[in-house]
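J.: Sharing a structure below in structure tokens format, with a few things to ask.
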Amino acid sequence: MARFKYLMKPSRKEPPVLTGTVEYTAGCHIGSRRTNQDNLRAGSKCPLIKARSATLAKGTIQLQDMDLFCVCDGVGGGYRGDLAAKYALKAIKRYLKTACTPQLSLRTIALEAAERAQAEVCGFYETAQKAGGCTLSMIALRGDHYVYLNIGDSPGFLIPFDGTIFELSQRHNLAWEKLRMGLPAREGDSSRLLNYLGMEGMSAQNIAYVTEGHLSVGDHILLCTDGVSSTFSPPSLEKSIRNKTTAGQITKAAAAMQDADNCTAVCLTVTGIHRSSHKEDHHNGPQSDSEI
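Quick note: the sequence shown uses the numbering used here, first residue 1148, plus one each step.
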């Protein structure tokens, strides 16, 4: 139960945002596996991860322009999880290019993007007549507003500039469900996913966990797959990120461990926010959580 102390949600009152900037780094490493079933989207780019090479990316985005950052991880034991992750992110990319409009709320954008990914992955497995899927850990940004969404057990964390790391996600595996219910988890429970992209007959809205809030200068966000989160504790990740360790360095360190899984991370840092002069209350931490 000690892990749940990282679910704390601090709040602060600040005026609304006009513009801002976010710096990001991203990394993906195969680890000691034969194939890489992870994939990511960072800075409007959707790298197609190559089996044997590390993927690195970095850049800066303007917060007034809506953007999505994602990591995906193929479901263990399923058919071609690498393709599931790839197709999920391609579906999100197509949605942002063809159907996403500025009039939509950030929450609607996140949910519709996840819905397109779910349809794409389910369609792939229906055609292949196989079973499998992938996870999705995603954050949508516009202004200082964020909407975080996850399906599966790839986590997301927020590190406030004036607080300690806490987890944005709700991990959809049997171990975490038992912990939430106050029941002891058994060995292997963490590998049993309860929700994931590719679940037959399920809408993404019915299996996604969503939370939202507002960011401040100096805040950090980390999205990663379980190859990273199962290797390093939240305090260890917080220390590394505050010390300006890049996502590529984090994934390389995780991949160096014995029997390492595929390792993927996206790190975001809010480096500038310019606010309007009138006052309006809002919170920095997640304002509301929902299982939709």
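Quick reminder that beta carbons are idealized off the backbone N, C-alpha and C, glycines included. Just so it is clear, the structure is predicted and the values come from calculations on it, not from any experiment.
1) Please report how far the alpha carbon of residue 1211 lies from the alpha carbon of residue 1332, in whole angstroms.
2) Report yes if the C-beta distance between residue 1143 and residue 1264 is below 9 Å; otherwise report no.
3) I need the straight-line Cα distance from residue 1338 to residue 1281, nearest angstrom please.
4) Rounded to the nearest angstrom, what separates residue 1252 and residue 1393 at their Cα positions?
5) Is it the case that the Cβ atoms of residue 1340 and residue 1222 are separated by a distance below 9 Å?
6) If you draw a straight line from the alpha carbon of residue 1170 to that of residue 1271, how long is it in whole angstroms?
7) From residue 1363 to residue 1306, what distance separates their C-alpha atoms?
8) Under a Cβ-count criterion, where at least 16 other Cβ atoms within 10 Å of its own Cβ denotes burial, should residue 1317 be classed as buried or exposed?
9) Report the partner residues of residue 1281 according to the DSSP bridge assignment.
10) Kindly identify the DSSP beta-bridge partner or partners of residue 1209.
11) State yes or no: is the C-beta of residue 1227 within less than 9 Å of the C-beta of residue 1279?
12) Which term fits residue 1374, buried or exposed, when burial requires 16 or more other beta carbons within 10 angstroms of its beta carbon?
13) Under three-state DSSP, which class holds residue 1398?
14) What span of residues does the alpha helix (DSSP H) with residue 1354 cover, start to end?
15) Buried or exposed: residue 1381, going by 16 or more other Cβ atoms within 10 Å of its Cβ?
16) Who are the Cβ neighbours of residue 1254 in its own chain at under 6 Å, not counting the five residues just before and after it?
17) Please go through the same chain and pick out, in chain order, the residues whose beta-carbon is closer than 6 Å to the beta-carbon of residue 1284, but skip the five residues on each side of it.
18) The alpha helix (DSSP H) that contains residue 1269, what's its start and end?
19) Could you compute how far the alpha carbon of residue 1176 sits from the alpha carbon of residue 1384?
20) Cβ atoms of residue 1388 and residue 1167: under 9 Å apart, would you say?
21) By how many angstroms is the C-alpha of residue 1325 removed from the C-alpha of residue 1224?
22) Below 7 Å CB to CB, which residues in the same chain sit around residue 1232 once its five sequence neighbours on both sides are set aside?
T.: For this structure:
1) 43 Å
2) One cannot answer for residue 1143 here, as it falls past the ends of the chain, which runs 1148 to 1439.
3) 13 Å
4) 31 Å
5) yes
6) 34 Å
7) 11 Å
8) buried
9) 1221 and 1344
10) 1168
11) yes
12) buried
13) helix
14) 1351–1354
15) buried
16) 1294
17) 1218, 1297, 1301, 1303 and 1370
18) 1253–1275
19) 17 Å
20) no
21) 22 Å
22) 1184, 1185, 1186, 1219, 1220, 1221 and 1281
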